[in-house]
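Below is one structure, written out as C-alpha cells; the observations come after it.
Encoded structure:
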C-alpha cells in the first residue's frame, strides 16, 4: 500500500476484468468500526451505457481521468466523471485505516506546522472547507508544487520557491490533480494515442502542480446513513479516528522525491547540453554577437542610443 | 418545531400612496433598489413554509424520517442561513423570487443565491407532491403534455432519463419555456433554478442525495419512478399551468378553470 505509485491505481493485476470494482484495502468490515452498521460504498454500482466504452480501454484510471478532463473547459469528455470518481474513491479508501487518526507523524507535522500554523489550524481549515462545499464534492489536503519552470529559477516572492501543503475543496468529481494538470495547457493534443507514447507519458508524470495527499468525500452519500445531515461530525470522525497518517506521509515523501527528481532530470539535461557544446568547441551556448551570424537582438550601440521611454 | 414556523413568506408591500411619499423623502432607498433596513423599525424575515400534508403522509415512498430531516433540518437551515446573510447584505427587501433573479446575477451568483434558491426550490418541491399522488394528469394539462412530448409515456421517460443523466446534486424540472412556449424537461445543478432563466417551473424533483439516500440508498431510478407514479400532485400542476398561461400564450388547448 505504501508503494502505490500515482499512475498504477486501478484494479489489481490478478483481476481479469479491467473495470472491476476495486476492493478496499482492509476489507469492507474492517474500516467500519467508527462508521456504524453500513459498510462504505464506492457509489459505482451501475455505469451507464456511454461509459461502457471505458471497459474496453486498458488505460489506468488516472490517465483516463487526466485525458478526458478537457483541461477544465466547460464540459469534460463523457468518461471523465466516472473515471475521476473511481480514482477519487480509491484514493479515499486508501487514505483511511481501522484504528487510524491521532496526530500525524513527525515529518508531516513539521510541514503542517509550517504551512497551517498548527495541527489545530489545519483541522479548522479542513472543517471550513468541508462545511462550505455546497452540493457534492471533495475536500483535499494536497502538496502544491512551486511550479517554477527551471531548476535555478528564484521567485522574488519567498513563498513561491518551495512547495507547500494546501487544503482545497472541489465540486462533484474534480480533483486537484486534474485541476493542476490543466493549468499546463496541453491544447490541441488528441487525448489517447498520443498519451500512450512515452514522451508525453513521462512529461505527464512530471507536470504536477497539485499532488493530493488526503481526500475526504463530502458527497452526501458518504455520510448520510451514518450521520444524517451532520457533516461536521463525519469529517471530525474521519480526521480523529480513521485517517491513516502513514499513507499521507508516504505520499508526501514520494511527491517531494519526485519534485527533486524532476529538478535533477532538468539539471542533468542542462549539464549534458553544456558538455556537448564544450565538446564541439563552443565555449558559449549562443554565438557571440560580434562574430558569426547576426542575431535578432539589438547590438550594443543601438541599446545605448535608444531611449528608455520607448516601449 | 411548529412554534417556529412562520407562514409569512413574502414581505408585505405597502399601499401605492405610501410608496409615492417614500420616493420623495427617501431617495437613498431608490438607489439601493429595495427597502433599506436602516429606516425601518420593523424588520422582516423569510420564514419556513410547511408542506401541505403531515410529515408521514408520503409513506412508504418517502419515509417520515426523510421528510423530518429534509424539511426540518435542511430546509430550515437554508432559511436560517438566508436570514443571517441578509442581516448584513444590500439585498434585503426583495420578494423571494426577485431575490433569486437578483442574486443569480446573470450566471455569476452572489453569496445569497444558494440559500435563497434552495428555500424557494424546496418550498416548490413540497407543494409538487401529495399523498396518493401520481397517476395521470387530467384535461388541459394532459393535452399540453401530449402536444409537447408526443405522449405522456414519452414525457415520463424523458423525466426519468433526465434524472439519471444528472451527475452530482441538482434538480429535475418540468418547465414551461417562455420563449419557445412549450413544456420541457430540464435538469439543473446544485441550486440553480429555472426562474433565473425566466422560465416557469411546473414540477420539481429534488435529486440531492439527502432527498433519497435514507430510503433508496443509491437507487435513483426507483426514487424517480416512485415520484412519478405515486407522489406527483397533478392538482398543483394544473393550478400552476393555469397561472403560467397568464404569462405565456399557449394558444390551444385551454386549461379548464376549475
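Residue numbers (the working numbering), protein chains in the order written: chain A, 1 to 311; chain B, 1001 to 1258. For each residue, glycine too, the CB sits at the ideal point set by N, CA and C.
For the stretch 1168-1191 of chain B, the set of positions with a beta-carbon nearer than 9 Å to some beta-carbon of chain A reads 1168, 1169, 1170, 1189, 1190, 1191 in chain order. Not one beta carbon of chain A lies nearer than 9 Å to the beta carbon of residue 1110(B). Among the residues facing chain B, residue 212(A) is not included, as its CB has no counterpart in that chain under 9 Å away. Here the C-alpha atom of residue 1163(B) lies approximately 17 Å from the C-alpha atom of residue 1124(B). 1131(B) is the residue among 1109(B), 1206(B), 1169(B), 1131(B) whose C-alpha sits nearest the C-alpha of residue 1235(B). Its Cα nearest to that of residue 1238(B), the residue 1136(B) stands out among 1136(B), 1056(B), 1080(B). For the stretch 1114-1148 of chain B, residues whose beta-carbon sits nearer than 7 Å to a beta-carbon of chain A comprise 1114. For residue 101(A) against residue 239(A), the beta-carbon gap comes to about 7 Å, under 8 Å, which counts as contact. Taking every protein chain shown into account, the CB of residue 139(A) has 16 or more other CB atoms within 10 angstroms, so this residue is buried. Counting only the Cα atoms, residue 1066(B) lies some 14 Å from residue 1053(B).
Here the alpha carbon of residue 1139(B) sits roughly 15 Å from the alpha carbon of residue 1245(B). Chain order gives no chain B residues near residue 242(A), where near means a beta carbon separation below 8 Å; the closest approach is about 20 Å.
DSSP places residue 1188(B) in the uninterrupted beta strand (DSSP E) bounded by 1182-1189. The DSSP-derived three-state label of residue 74(A) is coil. CA-to-CA, the gap between residue 215(A) and residue 95(A) works out to about 7 Å.
For residue 1055(B), the nearest beta carbon of chain A is not closer than 9 Å to its own beta carbon. Where residue 170(A) is concerned, the enclosing beta strand (DSSP E) starts and stops at 164-171.
Non-local C-beta neighbours of residue 1086(B) in its own chain, meaning closer than 6 Å and more than five positions away in sequence, comprise 1092, ordered along the chain. Identification of chain B residues near residue 69(A) by a Cβ-Cβ cut-off of 7 Å yields none; the smallest Cβ-Cβ distance measures about 14 Å. Residue-level contact by beta carbon holds for residue 1217(B) and chain A, with a gap shorter than 9 Å. Around residue 1101(B), the same chain offers 1195, 1196 as residues with beta carbons nearer than 7 Å, after the five sequence neighbours per side are excluded.
Annotated three-state conformation of residue 1067(B) is helix, per DSSP. With a contact defined as Cβ atoms closer than 8 Å, residue 1057(B) and residue 1082(B) miss out at about 27 Å.
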